[in-house]
Structures are given as structure tokens and as C-alpha cells.
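Peer 1: With the first letter of the sequence shown counted as 1, position 277 gets the number 277 in full-length UniProt numbering; the numbers rise by one all the way through. Even for Gly, the Cβ is constructed at its ideal location relative to N, Cα and C. Since we're looking at a predicted model, the values are computed, not measured.
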Amino acid sequence: PEIELPEGKTADQFLADLCYQGLHQYYPHPTPEIEQRLSYELEVIKKTQFANYFLVVWDLISFARKQNILFGVRGSAAASIVLHCLGITAVDPIEHKLVFERFLNLERQEMPDIDLDFEDDRRDEVIAYVSRKYGHDHVAQIITFGTLGAKAALRDVGRALGMPYSDVDRVARLVPFSPNMTLERALEENGELRAIYHEDAIIHNLVDQARGVEGIARHASTHAAGVVISREPLTRYVPLQRVSKGSGQEQVMAQFTMEDIAQIGLLKMDFLGLTNLTILSKAKEIIYQNHGIEIDLRHIPMDDAKTFALLSSGETAGVFQLEGAGMRRYIKELKPTAFSDIAAVVALYRPGPMEPINSFSQANFSRVEMSAASRSRLGRGTGIASPHRSNMVDCPLSRRRCSR
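1) At which residue ranges does the stretch 189-229 contain complete beta strand (DSSP E) runs of 3 or more residues, listed in the order of the chain?
2) Below 7 angstroms between beta carbons: does that hold for Asp113 and Gly72?
3) Could you give the first and the last residue of the continuous alpha helix (DSSP H) run that contains Thr48?
4) Out of Leu15, Lys151, Glu41 and Glu333, state which residue places its alpha-carbon closest to the alpha-carbon of Val207.
5) Could you tell me the distance, in whole angstroms, from the CA atom of Arg367 to the CA atom of Gln36?
6) What's the call for Asn52, buried or exposed, on a 16-neighbour Cβ count within 10 Å?
7) For Pro336, which residues in the same chain have their Cβ closer than 8 angstroms to its Cβ, ignoring the five residues on either side in sequence?
8) Is it buried or exposed, Lys268, if we count other Cβ atoms within 10 angstroms and call 16 or more buried?
9) In three-state terms, what does DSSP make of Arg367?
10) Would you kindly check if the distance between the Cβ of Glu214 and the Cβ of Gly183 is under 7 angstroms?
11) Which full runs of the alpha helix (DSSP H) of 4+ residues lie inside the stretch 124-201, going along the chain?
12) Is Glu107 helix, strand or coil when you go by DSSP?
13) Ala11 bridges to which residues according to DSSP?
14) Skipping 5 residues on each side, what residues in its chain have a beta carbon closer than 7 angstroms to that of Val157?
15) Go ahead and label Arg102 buried or exposed: buried means 16 or more other beta carbons lie within 10 angstroms of its beta carbon, across all protein chains shown.
16) Taking contact to mean at least 3 C-beta pairs separated by less than 8 angstroms, is the stretch 153-167 in contact with the stretch 268-280?
17) Assess contact between the stretch 224-231 and the stretch 173-180, defined as three or more Cβ pairs (one per stretch) separated by less than 8 angstroms. Is contact present?
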């Protein structure tokens, strides 16, 4: 979108001015390492021509701060000192040794993701501001399609064929529970399903017909976070439709998906409404009303023993990303004593690298022997390397492969 710039300034110059103003706010006595890191990041942003994008986010966060809308930034954006100096992220990437190339890399000049969380009951205020700022015909939410999975395809086709529900349900239950499961894979992995498919002509027909509709769009809805912003009216690039909210308020939605929006070169942003931020905001209000204490979430101590004791007990209901049953089990086993422990368990608790969690916990309690060199490289006695981050630090030549 079109950015309002001071007279005589380019987007890159204005971004640099804002960053150097923030530098002295967040780093009163900047070291040469800090100054070099900021200069390097600004140069990368200039080469990739993403300064306008950073300024759009800065303006948006400035609005949220003025309106006392609690916000957060997730993902690799925390690795940018530019975003830290702009007041967008609260995490100091120098202190935590975060790798900027995990966020923006000259070797893969793709739009970096700055995923923004807002209080869920105030997200509409943010979208309304963006619409006023850039024009109502330049901003829209984004469509998402719900597609027929393997089980749903079987049930829908069975209903259309007039088959008894119990017969269809028996077949559907044989499809394994697994992410992105297809009927093709189900036939390979489940011997019982494969047997009745070959032995029963009716089941054979059911599965074949279901394979024909599997993966097609069944319904459309508004993406939970996606917003597209354009320099020109959106009607020049994408089809639009009006959608009604429960309150009777109408909004505009682009009929291209997030992936399609990105492919044609439009700016897509993630504005996610997060209940946890609403809870934090309400808690701050209640504390102030009852005790007259103004809590600044950016200056909460990271070494509070009582907080770590509470986390170690597994009492994490309502704590973002730490409240699931599986996460609570692992955090009780780990018993974190430092902020880096929390960061590590959140990074490891996902389908890909979950297996090393037990090894991480053991190494954290020094139950695994490691050489001094390994401990120095791998960090706080963990013995586990985070695949993307560690490879980007240790093996620069592997960066391109890791980024895919």
C-alpha cells in the first residue's frame, strides 16, 4: 500500500530514522555488535525492498498502542532487531542470540511473516483502522475453503448412494487418524479396509466414488487471521464478496486464498484474535482497579522463582501454548528454571521434533554426558539442537536447504 512519508525521505530512510530513535530507547548504551546488527538488518531490508511492509506494521502497532489494544508478535519475527527498535517485538534478539536469517534471508527473497496477535474482542478495531487508513476498497479479509477429507468423503458419498449409515460408518472408522490422511494411503496402511474393498463390490464402489470427490471444497468461510492490503483497489486483482457477521455488520472478503494472494504479489497479513491477550488485558484492568498497580507486561522479571515453581507443577491453564494436556505433561517433567527452558519446550513440542523432548529433559538435569565443546555449542546444557536455528548458526551453507 501507499505509505505516508516525511517530505524528502524514502521508505528506507524513514525506517532507518525510526530504528535509530528506538535504538537509544531500548539500548541506552549500544555496543558495536548491536549497532552492526541493526545496520546489517536495514541493509538486507533495503536490498529486498521490504521497507514499506515494515512501516505498515509499525503504523499498525502504533495505532494499537495508542488505543491500549494488547498485541503480540509470534514466530521468527522476534529475531529482528529492527522490529525490536520499532517497538513491535518485546524480545531482545541480541540477548537471546536469535538468528535474523530465520526471519529474512537474502538467499530466499520471500515476504517475511510478521504474524500479529490482538485481543480477540478488539481485532475488528484493527481491521477498521486499516480500512480507514488505506481505503475500504483496498482492504479485505481472505477466504478459506474447507475441503472433503477421507472420512467426510466416504460419509457424503454413502449418503448420496442411499447406503445404510452403519455400513458407511464401519468403513469410515477403518480410515486411520493421521494428518492429511487420504483414501489411497488408508488402503495401503489398513489391511482390513483393503480386504473389504477388494471383496465387497458395494464398498469398492463407495471408496472409488469417494476418491473422486476427496479434496474438493465443501464450504467457504473467512480466514481466522488473513487480511489483504493493496495499493490499488482490490477489484483490479481479485474477486470480492460481502460477508455478514453475527452482529449484522457486513465485511468484504477476497475470494482468493492466502496462497493465491501471495502468488499474485499482494500484501497479506495475519491479524489473529487471541483470547489469552483479552484475559491478560482484563487482568491488568482488575489489578489496577483493586490495587492501583499499573502492570507493564514488557518489564516482567524473567527469573521469578515462584513463577517457575507454578509452571513446573503443570498449573498452566490459560497460559498461551503451555495449557494443552501434552504440554503440561512435558513441562512437569522438564521443571523449567530459566526462560530459555520455556522457549526450548515450546520449540520442541510439535509433530516434527517431539521425539527429542525426553533427551532434552534428561540433558537439562545433567543426566546425559556431553563434552565441554558440545555444551558450549548447544547452549544451556541441553544436548539438543533446534534444527533450523542450530544449522543456520553452525552451517551457513545449509541455510538454503533448511529454509525450504
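Peer 2: Considering the structure as presented:
1) 217-229
2) no
3) Pro32 to Thr48
4) Lys151
5) Low per-residue confidence applies at Arg367: pLDDT is 46, beneath 50, and the placement is therefore not dependable enough to give any value.
6) buried
7) Phe308, Leu311, Ser312, Ile342 and Val345
8) buried
9) Summary for Arg367: the model assigns pLDDT 46, below 50, so the residue's position carries little reliability, and this model does not support an answer.
10) The sequence given here has Leu at residue 183, not Gly. Closer than 7 angstroms, so yes.
11) 150-161, 165-172, 183-189 and 191-199
12) coil
13) The partner list for Ala11 (beta bridge, DSSP) is empty, contrary to what the question assumes.
14) Leu206, Gln209, Ala210 and Val213
15) buried
16) no
17) no
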